[in-house]
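Residues in the sequence shown are numbered consecutively from 1, following UniProt numbering. Beta carbons: idealized from backbone N, C-alpha and C, even for Gly.
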Amino acid sequence: MAMAHQPLNEFEIEEARECFKTLDPESKGVTATELMEAMRALGKIYSDEDVQRMISSADKHGKGRVDFQDFLALLENQKAKGSHEAAFVEVFEAMDSDKDGSITVQDIANYMASRGERMPEEEIKEMVHAADVSGDGRVNYEEFVKILTPSRINTTTFL
Numbered sequence: 001m002a003m004a005h006q007p008l009n010e011f012e013i014e015e016a017r018e019c020f021k022t023l024d025p026e027s028k029g030v031t032a033t034e035l036m037e038a039m040r041a042l043g044k045i046y047s048d049e050d051v052q053r054m055i056s057s058a059d060k061h062g063k064g065r066v067d068f069q070d071f072l073a074l075l076e077n078q079k080a081k082g083s084h085e086a087a088f089v090e091v092f093e094a095m096d097s098d099k100d101g102s103i104t105v106q107d108i109a110n111y112m113a114s115r116g117e118r119m120p121e122e123e124i125k126e127m128v129h130a131a132d133v134s135g136d137g138r139v140n141y142e143e144f145v146k147i148l149t150p151s152r153i154n155t156t157t158f159l
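Here you go:
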């Protein structure tokens, strides 16, 4: 699912400008290594692959470096991702009828029915089976997020 840009407010843009100046005092652009170091300093831990993906998606010029405008777009994408994650948590909690931290095929079917949506039980079973790493027939939050990947279903069905 492509993340829609979430516009940054003036304060966020100014904060980003100050951060970027610190990362890129010579105005050459920020590399993946520099971005990773900055993220770690902010307490955000990303894998090398994640940071490389961020740089690749933001680097409109293909130079392996991100300029300030690219950096703003990257921050907007991260902001959008955060808002999607909050929505995922909200839906998961609504589905988790017994509040045990996991959902079942029945929980998903009940949730969908409460929203006036009908999804064939076999399709729900397939999604749960595909995401259920432990094989216990229950889906925890991390497994639930896997269900919401574009290769599985349209996330707007749940949201």
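Take N110, set aside five residues on each side of it, and the residues of its chain with a beta-carbon closer than 7 Å to its own are S97, in chain order.
Around V51, the same chain offers A32, L35 and M36 as residues with beta carbons nearer than 6 Å, after the five sequence neighbours per side are excluded. Short of 7 Å from the beta carbon of K63, and not among the five residues preceding or following it, lie these beta carbons of its own chain, in chain order: G29. Around the CB of I45, fewer than 16 other CB atoms lie within 10 Å, so the residue is classed as exposed. Residues of the same chain with a CB within less than 7 Å of the CB of V133, apart from the 5 flanking positions on each side, are E143 in chain order.
DSSP places V145 in the uninterrupted alpha helix (DSSP H) bounded by Y141 to I147. Classified as exposed, D100 has fewer than 16 neighbouring CB atoms from the shown chains inside 10 Å of its CB.
Annotation for L23: the continuous alpha helix (DSSP H) segment containing it runs E10 to L23. With fewer than 16 other Cβ atoms inside 10 Å of its own Cβ, V89 counts as exposed. Sequence-distant partners of F20 (beyond 5 residues in either direction) whose C-beta falls short of 6 Å from its own C-beta, in its chain, are F68 and F71. DSSP links I103 through a beta bridge to V139. Residues of the same chain with a CB within less than 7 Å of the CB of L23, apart from the 5 flanking positions on each side, are V30, E34 and A38 in chain order. Comparing alpha carbon positions, the residue from V91, K146 and S47 closest to H129 is K146. Annotated three-state conformation of V89 is helix, per DSSP.
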